[in-house]
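Below is one structure; the comments refer to it alone.
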Amino acid sequence: MFDYMIVGAGLAGAVLAERLASQSNKKILLVDKRNHIGGNTFDYYNKDGLLVHKYGPHIFHTNSKEVFTYLGNFTQWRPYEHRVLASVDGMLVPIPINLNTINQLYGLNLNSAEVDAFLESKAEKKIKIVTSEDVVVNKVGRELYEKFFKGYTRKQWDLDPSELDASVTSRIPTRNNRDDRYFTDTYQAIPLYGYTRMFQKMLHHPNIKILLNTDYKEVQDSICYKNMIYTGPIDYFYDYCYGKLPYRSLEFKFETLEENVFQKTGTINYPNEHAYTRITEFKYLTGQKHPKTTVVYEFPKDEGDPYYPVPRAENALLYKRYRQLAEQENKIYFAGRLATYKYYNMDQVVAQALTLYKKIITPHEFAHHLNGHQLPIIQS
Ligand code: FAD
Ligand code: UDP
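Under this note's numbering, think of the first position of the sequence shown as 1195, with each following residue one higher.
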């Protein structure tokens, strides 16, 4: 008899398995339909011996000391600050838009105060910021919006930014200084030996059994367990009873090249050309020394593995209906990006799982809402 069947061996499932097994002596069965642990963070050495991320580039960053320290129990870190260039007007310029971006693009030599005034003169001030278009046009105006955001967003989501919640493009700040890092979080690092190795350490415990290549629906009736933690898509859990929740997918095209370096920085974004959104070169992320190099192209698509919840009002409403079902469950908990339909980064998923663990083991301190839906989440 297992205390918990945990569905999904991604970050949400692995953190909960690790905590429940090692801190609360619970017996866990961790089930994943894929043939590996790690969920979307899974990395492996390809046939040329280069460490690559199977489901696209994963760069860890957080402001949460608790999350960083917790994961640090299972890995050493390699400090890494990600930098991204965007291909715009035949140039490669820094994104997020910063002082250098504006100066390069317009052949200017502005300082911080001047760039503020420049952007102010371009901005179309909105009374209410509702959509992803509003966010950008309100800050930098329509011209820069069209150069950097409109095409990229349409490719990535197959929606115009005006059809997406403000939260999507709000992920990308605008800066009046020369800081060209993609993230400014306090902690920015990649597991020194990769994500999969970190997961192996997390899950190496006599109380944790792992069942791969298995959809939980194939085994849930034949296995004895007292509680369930579910981290897959919530609409699938309820057999799509209210219809399908949209999740955006990607196709990854990997290429290994007989050269040491392919591009100038970790990622280059292509807002206005090509069917792909960006190219990432893994050696920047992993720090690996190798005579060859592997890059990945991301082609957004509708069908395929569910990677991104799509943040817009109508989807939030549909999710809410599923959430209401989830809230009525007894001994079934929902966590992670797919089950709580939230566009979370890795650190937010870890924080959500750690909070859910505390709630599960000390329920008297948390009278209501024992699943991940209402948990307070750190902001990245
Ligand atoms: P997942 O990792 O998706 O794990 C869910 C698991 O459940 C999967 O392994 C799946 O196979 C399994 N599962 C689903 N249904 C079933 C079923 N019926 N039966 C059995 N198993 C099932 N975050 C960052 O912080 N930094 C980044 O740079 C970053 N880059 C990203 C790039 C891409 C292309 C994508 C898609 C995401 C990126 N993320 C990034 C987000 C990050 O991947 C997620 O926050 C995190 O991995 C989510 O963990 P999870 O456990 O919720 O979900
Ligand atoms: N975005 C954009 N142009 C860019 C980078 C980002 O329009 O050069 C928008 C786009 O809608 C994207 C969102 O901002 O989906 C969030 O970008 P992020 O890099 O955080 O996406 P992720 O890494 O999660 O795919």
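For each residue, glycine too, the CB sits at the ideal point set by N, CA and C.
- The region 1511-1528 and the region 1427-1436 touch, with no fewer than 3 CB-CB distances between them shorter than 8 Å.
- Between the alpha carbons of N1463 and I1291 lies a distance of about 13 Å.
- Judged by DSSP in its simplified three-state form, V1329 adopts helix.
- Here the alpha carbons of R1213 and V1544 stand approximately 11 Å from one another.
- In the three-state scheme derived from DSSP, where H, G and I count as helix and E and B as strand, D1415 is classed as coil.
- Note that the C-beta distance between I1253 and H1276 is below 8 Å.
- If you check the CB distance, Y1470 and F1493 come in under 8 Å.
- Spanning the alpha carbons of P1273 and Q1382 requires a straight line of approximately 6 Å.
- In terms of Cα proximity to Y1376, the closest of S1315, T1256 and V1201 is T1256.
- Every residue whose Cβ sits closer than 6 Å to any heavy atom of the ligand UDP is listed here in chain order: A1280, I1289, F1342, F1343, Y1346, T1347, Q1350, V1362, T1363, R1365, I1366, N1463 and P1465.
- With fewer than 16 other Cβ atoms inside 10 Å of its own Cβ, K1458 counts as exposed.
- In this structure, the straight-line span from the alpha carbon of E1318 to that of R1517 is close to 37 Å.
- Shown here, T1295 sits in a helix according to DSSP, grouped into three states.
- In this structure, the CA atom of V1201 is about 5 Å from the CA atom of V1225.
- Excluding sequence positions up to five before and after V1489, its CB lies within less than 6 Å of the CB of E1449, F1456, I1473 and E1475, all in the same chain and listed in chain order.
- At the C-beta level, N1370 and V1282 stay beyond 8 Å of one another.
- Here the region 1356-1368 makes no contact with the region 1231-1246; the two share fewer than three CB pairs at distances below 8 Å.
- The DSSP assignment places complete beta strand (DSSP E) segments of no fewer than 3 residues inside the region 1485-1544 at 1487-1495 and 1526-1528, in order along the chain.
- Assignment of N1234 by DSSP, reduced to helix, strand and coil, places it in the helix class.
- Rounded to whole angstroms, the Cβ separation of G1530 and G1250 is 17 Å, and the two are not in contact under 8 Å.
- For I1554, the secondary structure class from DSSP, reduced to helix, strand or coil, is helix.
- Residues V1225, D1226 and K1227 of the same chain have their beta carbon placed closer than 8 Å to that of T1408, with the five preceding and five following residues left out of the count.
- For I1222, the shortest separation between its Cβ and any heavy atom of the ligand FAD does not lie below 7 Å.
- For V1282, the shortest C-beta to heavy atom distance toward the ligand FAD is 7 Å or greater.
- Between Y1441 and P1500, the gap from beta carbon to beta carbon is short of 8 Å.
- Note on geometry: alpha-carbon atoms of M1285 and K1438 lie some 41 Å from one another.
- Residue range S1306 to K1316 is occupied by the alpha helix (DSSP H) that includes S1306.
- Counting along the chain, V1282 sits inside the beta strand (DSSP E) bounded by residues V1278 to V1282.
- The residues L1245 and I1384, in chain order, have a CB closer than 7 Å to that of T1480 in the same chain once the five nearest residues on each side in sequence are set aside.
- If you check the C-beta of Y1387 against the ligand FAD, you find no heavy atom less than 7 Å away.
- A direct Cα-to-Cα measurement between K1552 and E1260 gives close to 13 Å.
- Selection Y1502, F1262, N1303 and F1312 evaluated against T1534 yields Y1502 as nearest (Cα-Cα).
- Nearest in C-alpha terms to N1524, of all of V1334, H1468, Q1542 and K1420, is K1420.
- For I1526, the shortest C-beta to heavy atom distance toward the ligand FAD is 7 Å or greater.
- Comparing alpha carbon positions, the residue from A1215, R1336 and V1330 closest to L1358 is V1330.
- Counting other Cβ atoms within 10 Å of its Cβ, T1556 stays below 16 and is therefore classed as exposed.
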